[in-house]
Each structure stands twice: as structure tokens, then as C-alpha cells.
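According to our numbering, the residues represented by the sequence shown are 3 to 123, in order.
Here a beta-carbon is modelled for each residue, glycine too, at the ideal position from N, C-alpha and C.
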Amino acid sequence: MGESVNYETLEITSSEYFFISQELDCLSDFNERNFVVLDRLCKKIDVTKKVLKVYSGKFLSMKDKQEELSHEEYLQLGRILLRWAREKRDFKFLNSAFKLADLIQDDSLMREAQIVLGEME
């Protein structure tokens, strides 16, 4: 897959689609590529209040592919964001995890986010 990641500008492009459902299993690994992908997903959570299963190669939504992640996939993404927040002490990831917990109305994810917040203070 032809993929270009610019860590400085936090941009990622691909010659193919981004299948977020498939990405979830590897996003827990701490590397620059995953940081950029998660940064893009945080922006999706913050701006559109949802994460789609598929994005274009420029990480844009597509009119013909509007299916959101399932509840379980949202939970998995939330826990990945919390892992990154804890490891990198990055409040952006923590804030997006809180927003995600509120969005999907999941008390367990909200409690986990509160624990991470306590650790970071």
C-alpha cells in the first residue's frame, strides 16, 4: 500500500482507503504513523462527532461510505485513545476519549477516562 506520513504536519495520505475497523488492532502500537492516524480520528470525534468505518486516501469522508463504527469498535477506539493518553501524557487523546464515551453513552469508558485523568494530574 502506498502511504505517506508527515509527522510534522500530522498528515497521512494513502493510495487506498483507510479501513478504520481493520486499523483498530494495530493502533495500540506506539509509532509515528499511528500517532498521526489517531490525531486524525481525534479531529473526526471533535468535529463531526462520529468515526466512520472507511475514509478516503486523504482521510476524508466519502458520500457513498457513511457507516459508523459499531459500539464495540467505538469502545476499542476509546481504550486505544486512553492507552495513548496514559503513555504519552497527551490530553488531546484523553479529551477525545471523554467525548467518545459521552457520544456512545458508555459508563465504563467514562470511568476509565476519569482514572487516566487522575493519573495525569
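Tell me the residue span of the beta strand (DSSP E) that contains residue i.
i, result
"E13", "E13 to S16"
"V7", "E5 to N8"
What first and last residue would you give for the alpha helix (DSSP H) that runs through residue i?
i, result
"E74", "H73 to K90"
"G120", "D109 to M122"
"N97", "F93 to I106"
"D31", "It is not in any alpha helix (DSSP H) - D31 carries neither H nor E in the DSSP assignment."
"Q24", "I22 to E25"
On a CA-only basis, which of the options is nearest residue i? Give me that one, please.
i, options, result
"G120", "L84, D109 and L105", "L84"
"R35", "Q24, E5, F93 and F21", "E5"
"N33", "L111, M112, I106 and W86", "W86"
"E13", "L77, R42 and F93", "R42"
"V118", "K90, D104 and D108", "K90"
"K67", "C44, K94, Y19 and Q24", "Y19"
Quick one: measure Cβ to Cβ for residue i and residue j, integer angstroms, because I've assumed they're closer than 8 Å.
i, j, result
"E69", "L54", "6 Å"
"K60", "T15", "5 Å"
"V7", "V49", "Incorrect: roughly 21 Å between the Cβ atoms, too far for contact."
"F93", "C44", "Not a contact, Cβ separation roughly 11 Å."
"L79", "L105", "Not quite, the Cβ-Cβ distance comes to about 11 Å (not below 8 Å), so this is no contact."
Taking buried to mean at least 16 other C-beta atoms within 10 Å of its own C-beta, is residue i buried or exposed?
i, result
"I82", "buried"
"I22", "buried"
"L40", "buried"
"Y57", "buried"
"S17", "exposed"
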